Amino acid sequence: MSVYNSIIKAAVVAVAAAFFLTGCDSGAMSARGFSFPVGDVDKGRAVFLESNCLACHTLKGIENLASDQQIEKPIKLGGGVSRTITYAELLTSVINPSHKVAEGYERDKVFADGKSVMRNYNDTMTVTELTNLVTFLETKYDLIPYERSQYKIYYP
Numbered sequence: 022m023s024v025y026n027s028i029i030k031a032a033v034v035a036v037a038a039a040f041f042l043t044g045c046d047s048g049a050m051s052a053r054g055f056s057f058p059v060g061d062v063d064k065g066r067a068v069f070l071e072s073n074c075l076a077c078h079t080l081k082g083i084e085n086l087a088s089d090q091q092i093e094k095p096i097k098l099g100g101g102v103s104r105t106i107t108y109a110e111l112l113t114s115v116i117n118p119s120h121k122v123a124e125g126y127e128r129d130k131v132f133a134d135g136k137s138v139m140r141n142y143n144d145t146m147t148v149t150e151l152t153n154l155v156t157f158l159e160t161k162y163d164l165i166p167y168e169r170s171q172y173k174i175y176y177p
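To convert, take the position in the sequence shown, counting from 1, and add 21; that gives the numbering used here.
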C-alpha cells in the first residue's frame, strides 16, 4: 500500500470516527443542551430532606435519623454508580422517575402498575426547589463533564 493510500485511509477513518462520536453526544441522554441555572447546594440539601427522600433512598454523607424507610432495600444515590451518568439522566431521574429502573433492584419492589413507586413531585415542587435539588445532587455524583447552558439577557 502506498503512502498516499495510507494517508487517505487514515483520513477516512478519522472523519468517520468524528462523525460517529459526534452522533454519540446528541439527543436526550447527551450532556449537551439544556441545563438549569446553578442552584443553591444548601437549599437543595434542605429540599432533599424536606421531601423525605431518605424514606426510599440513601445518600453518602446524609444519615437517616428518622428511621422511616418505606422500602426494604433503599435505592443508593450518588457516588460511583454502576456507570457514569449525564446531567440529563440525573435531571430526568428526578422529574420522571419511571423512565428507568435502578440496577440491582427487583422490578416489583420499585415499580407498581408500570410506574415507579417514587412520588412524582412535578406538581408540588417549584422550579427553584428542583433547580436547588439537582444542584445538590450533582455534588454527590460523578457526572460526565458537560457545558452548562449560558443564560444571558437578551434585548429585542
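Ideal Cβ positions, reconstructed from N, Cα and C, are used throughout, including at glycine. Keep in mind the model is a prediction, meaning the values are calculated, not measured.
Just tell me which of the options has its CA closest to the CA of residue i.
| i | options | result |
| --- | --- | --- |
| aspartate 61 | Lys97, Val155 and Pro166 | Val155 |
| lysine 64 | Phe132, Thr152, Lys173 and Gly135 | Thr152 |
In angstroms with no decimal places, state the Cα-to-Cα distance between residue i and residue j.
| i | j | result |
| --- | --- | --- |
| arginine 128 | valine 59 | 34 angstroms |
| tyrosine 176 | alanine 109 | 29 angstroms |
| valine 148 | phenylalanine 57 | 9 angstroms |
| glutamate 71 | leucine 158 | 14 angstroms |
| valine 131 | cysteine 74 | 14 angstroms |
| aspartate 163 | leucine 98 | 11 angstroms |
| proline 95 | tyrosine 126 | 9 angstroms |
| valine 138 | threonine 79 | 16 angstroms |
| lysine 81 | aspartate 134 | 30 angstroms |
| threonine 107 | glycine 100 | 13 angstroms |
| glutamate 93 | glutamine 171 | 42 angstroms |
| lysine 136 | asparagine 85 | 26 angstroms |
| alanine 187 | threonine 160 | One cannot answer for residue 187 here, as it falls past the ends of the chain, which runs 22 to 177. |
Note the first and the last residue of the continuous alpha helix (DSSP H) segment covering residue i.
| i | result |
| --- | --- |
| isoleucine 116 | 108–116 |
| glutamate 158 | Checking the displayed sequence, the identity of residue 158 turns out to be leucine instead of glutamate. Segment 148–159, the alpha helix (DSSP H) holding leucine 158. |
| leucine 70 | 62–71 |
What do you reckon, is the C-beta of residue i under 7 angstroms from a heavy atom of the ligand SAM?
| i | result |
| --- | --- |
| isoleucine 106 | Within the structure as shown, the ligand SAM is missing, as the structure has no ligands at all. |
Considering residue i, what are the terminal residues of the beta strand (DSSP E) in which it resides?
| i | result |
| --- | --- |
| alanine 80 | Per the sequence shown, the amino acid found at residue 80 is leucine instead of alanine. From DSSP, the beta strand (DSSP E) with leucine 80 extends over 78–80. |
| methionine 83 | Position check: residue 83 holds isoleucine in this sequence, whereas methionine was assumed. Per DSSP, isoleucine 83 belongs to no beta strand (DSSP E) and is neither H nor E. |
| lysine 97 | 96–98 |
Between the segment 134–146 and the segment 112–119, do three or more beta carbon pairs fall short of 8 angstroms?
-> yes
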